[in-house]
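Reading through the C-alpha cells given below for one structure.
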Amino acid sequence: MQLKPFDKTIAGNNLYPLTSTGINTLQVNVGRLCNQACKHCHVEAGQNRKEVMSKETMELCLGILKNTEIPTVDITGGAPEMNPNFIWFVEECVKLGRHLMVRSNLTILTEPGYERIPGFFAENQVEVIASLPYYIEQNTDSQRGKGVFQKSISALKKLNALGYGDGGSGLIMNLVFNPGGAFLPPSQKALEADYKREMQKRHGISFNNLFTITNLPVGRFLVYLNSSGNFEMYMGKLVASYNPSAATSVMCRNILSVGWDGTLYDCDFNQMLGLSVNHGAPTHLKEFDLSSLSNRQIITGIHCYGCAAGAGSSCGGATT
Amino acid sequence: MQTYYSPEDLSKFPTIGEGAPELWKKFSEWYGAVFAEGALTEREKALIALAVAHAVQCPYCIDAYTQTCLEKGSNKEQMTEAVHVAAAIRGGASLAHGVQMKNVIEKISM
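Chains as they are written, first to last, in my numbering: chain A, 442 to 761; chain B, 4 to 113.
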C-alpha cells in the first residue's frame, strides 16, 4: 500500500516543515513496566518490560525544569506508579511548582503496595488522566484484559471519595476513551455527555472531562491491524479523514517527550518507533537546549495521520 | 471468486456521478444535509441508517453504517437493538399483511 508521505500532505497546507511552537509540557515516560498488557498499547507495556527510568535520569528532568519555565509535567508509562522512584519524582516536581499530570491505568491503584497512591495524588494536587475505554465492562475488558473494568471502577470510586472529579475540590480527574478497534473515535463532546450520564447512572462516578484519543498504527495496535487484515482499511480511513486544522494543532508542536533513558522525542509515538528528535536539535536530556528544541523541526511518519484525522487527537483528546 | 458484491466497490460509489454529475451533486449535498446534526443527533441518524441498511439488506450500507455507528459512539448493544427494530418492522409488516389474507379468505369463502 502506497501512502502519501505525511510531510507532503501537510505541505499542501503550508505546514511543512512542521516545527515546534514552544515547549509547554515535558512529557516524561518513566518506563514501560505495567501491570496490564492492553491490546492497543503503542508502548507494548507489560509486566516483563525492563525499561524503567532511573533516579539519575529523573534528576536530569528536574534539572531542566529548574532551569526553564516549562509549566506542565505529564508523567506516563507503562504504569508510571510502578517506577520505584515515582513518588519522589512527583514530590520533586511539585516542589518546583509545576502543574503535574499522571496517566494512570487505574487498576494499579487497586494492587497491593499501591493503596496510598490515590491519597498521595490528592495531597499533591496531581491531575489524574485515567484510562477507561468504555463505560461497559465487556468493551473495556476485551481491550484491556479480564477484570480490568471492575478494578477501574473501584479505583475511580476511591478517587471520587477523595474529591477527584467533583468540580468544586480543584482535584481534576479526566477519563480517556480510545476506540476498541480499527475505527475513529466519536465526537468528544457527544461521548463525554454519554460517559457522564452512564458513569453516574451505572456506577455513581463523576469526572471532569473525557479525552477521545485515536489509536495510532504503532506497537500492539499496529500488530493488531496487520494480523486482522485491517491495516489498509484503517490507514485509508486516517488519510481520507485528514484535517488541516487538526494537523496545525498536533501536540508534538508544544510538548517534548522524554524516554526512560533520557532520549528526547517529539511525542510518545515517535518514542516507541525509536525516532528521536532530529534536525540538529539535541537528542538527550544531557544536551538539553531550550532554544533549539523550542524551534525544532518535528520528525513525522505515516502514523502522524492518526493525530491529524477527523477532530484531531492528542494526549489531551480532540484538538479541534 | 466472482460475486455480485465486492467490498472494494463501496469506494467506487462516487463514480456513479460520472453519468449524471448534476444529479450526483444534488444527491451528495442532500445526503450530507440529511446526516448532519439536526433535531436528531448524528449518532441517532447513524443508528436509523444501520437499521434501514438491514431492512433493505444492503451490504455496502451495513459495512459503512456499522463503522459510522461505532465512530459516533454507539455500542454493540445499541446497534443490535437497532437491527432488532428493523427485523421487527420487517417481521411485523409480513404478519400485518396477514390481515389482507384474512380479508381475501372472508371475501371468497361461504
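C-beta: ideal position from N, C-alpha, C; glycine also.
Keep in mind it's a predicted model, so treat the numbers as computed, not measured.
Rounded separation between Ala688 of chain A and Phe16 of chain B - CA only: Straight-line spacing of the CA atoms in Ala688 of chain A and Phe16 of chain B works out to 28 Å.
Residues that Lys75 of chain B contacts on chain A, provided the C-beta gap is smaller than 8 Å: Neighbours of Lys75 of chain B on chain A, chain order: Pro627, Ser628, Ala631.
Short CB-CB distance (under 8 Å) between Gln81 of chain B and chain A: By this cut-off, Gln81 of chain B is not an interface position.
In DSSP terms, what Tyr706 of chain A is bridged to: A:Ser698, A:Ser717, per the DSSP bridge assignment.
Local Cβ density within 10 Å of His720 of chain A, reported as buried at 16 or more and exposed below that: Looking at its Cβ environment, which holds fewer than 16 other Cβ atoms inside 10 Å, His720 of chain A is exposed.
For Arg490 of chain A, three-class secondary structure by DSSP: It is coil, neither helix nor strand.
Proximity test, Cβ basis, 8 Å: Thr44 of chain B and chain A: Yes, its Cβ sits closer than 8 Å to a Cβ of chain A.
The stretch 474-485 of chain A contacting the stretch 508-523 of chain A, beta-carbon criterion three pairs below 8 Å: Yes, the stretch 474-485 of chain A is in contact with the stretch 508-523 of chain A.
Neighbour-count burial assignment, Glu532 of chain A, 16 or more Cβ in a 10 Å radius: When all chains shown are included, Glu532 of chain A counts as exposed.
Residue(s) in a DSSP beta bridge with Gly472 of chain A: DSSP, once it has assigned bridges, lists A:Val493 as partnering Gly472 of chain A.
Neighbouring residues, chain B, relative to Ile577 of chain A (Cβ below 8 Å): Correct list: Asn78, Glu80.
Thr460 of chain A, DSSP secondary structure in three states: Reduced to three states, the DSSP call for Thr460 of chain A is strand.
Length of the line joining the Cα atoms of Leu53 of chain B and Thr69 of chain B: In a straight line, the C-alpha of Leu53 of chain B is about 7 Å away from that of Thr69 of chain B.
Best match in A:Asn580, A:Asn526, A:Ile577 for proximity to Ile558 of chain A [C-alpha to C-alpha]: Selected option, being the one with the closest Cα: A:Asn526.
Against chain A: residues of the stretch 95-108 of chain B by CB proximity under 8 Å: Residues of the stretch 95-108 of chain B whose Cβ lies closer than 8 Å to any Cβ of chain A: none.
Chain-ordered neighbours of Gln70 of chain B on chain A, where CB pairs are closer than 7 Å: Phe624, listed in chain order.
Euclidean distance between Cα positions of Cys61 of chain B and Asn580 of chain A: Distance between the alpha carbons of Cys61 of chain B and Asn580 of chain A: 27 Å.
Asn736 of chain A beta carbon less than 8 Å from that of Thr460 of chain A: Contact flag set, yes.
Own chain residues within Cβ distance below 7 Å of Leu679 of chain A, not counting five before or after: If the five residues before and after Leu679 of chain A are omitted, its C-beta is found closer than 7 Å to the C-beta atoms of Tyr746, Gly747, Ala750, all from its own chain and listed in chain order.
Terminal residues of the alpha helix (DSSP H) in which Val59 of chain B lies: That residue, Val59 of chain B, is in no alpha helix (DSSP H); it is neither H nor E in DSSP.
Beta-carbon proximity of Ile654 of chain A to Pro627 of chain A, cut-off 8 Å: Contact flag unset, no.
N- and C-terminal bounds of the alpha helix (DSSP H) containing Asn667 of chain A: Residues 660-668.
Coil, strand or helix - Leu603 of chain A by DSSP: Three-state DSSP puts Leu603 of chain A in coil, outside helix and strand.
Reduced DSSP category for Val567 of chain A - H, G, I as helix; E, B as strand; rest coil: Three-state result, Val567 of chain A: coil.
Straight-line Cα distance separating Leu612 of chain A from Ala566 of chain A: Note that residue 566 of chain A is Gln in the sequence shown here, rather than Ala. Computed Cα separation, rounded: 6 Å.
The stretch 627-643 of chain A touching the stretch 666-675 of chain A, judged by at least three CB pairs closer than 8 Å: Taking 8 Å as the limit for Cβ pairs, the verdict is that the stretch 666-675 of chain A does not touch the stretch 627-643 of chain A.
Selection from A:Trp701, A:Phe710, A:Gly554, A:Phe624 that minimises the alpha carbon distance to Lys75 of chain B: Lys75 of chain B has its Cα closest to that of A:Phe624, out of A:Trp701, A:Phe710, A:Gly554, A:Phe624.
Beta carbon proximity, Asp635 of chain A to chain B, threshold 8 Å: Yes - at least one Cβ of chain B is within 8 Å of the one on Asp635 of chain A.
Continuous beta strand (DSSP E) assignments of at least 3 residues falling wholly in the stretch 534-586 of chain A: Runs of the beta strand (DSSP E) inside the stretch 534-586 of chain A: 540-545, 568-572.
3 or more residues per run - each beta strand (DSSP E) lying fully within the stretch 596-654 of chain A: Within the stretch 596-654 of chain A, the runs of beta strand (DSSP E) at least 3 residues long that lie entirely inside it are, in chain order, 614-618, 651-653.
Whole-angstrom C-beta distance between Cys534 of chain A and Leu506 of chain A, which should lie under 8 Å: Contact holds; Cβ gap of about 7 Å.
For His57 of chain B and His744 of chain A, the rounded distance between their alpha carbons: Roughly 34 Å separates the two Cα atoms.
Bridge partners - Ile516 of chain A, DSSP secondary structure assignment: According to DSSP, residue pairing for Ile516 of chain A in a beta bridge involves A:Val469, A:Val543.
Neighbour-count burial assignment, Lys630 of chain A, 16 or more Cβ in a 10 Å radius: The residue in question, Lys630 of chain A, is exposed, as its Cβ has fewer than 16 Cβ neighbours within 10 Å.
Meets three-Cβ-pair contact criterion under 8 Å: the stretch 689-707 of chain A and the stretch 464-478 of chain A: The answer is yes - the stretch 464-478 of chain A touches the stretch 689-707 of chain A, with three or more Cβ pairs under 8 Å.
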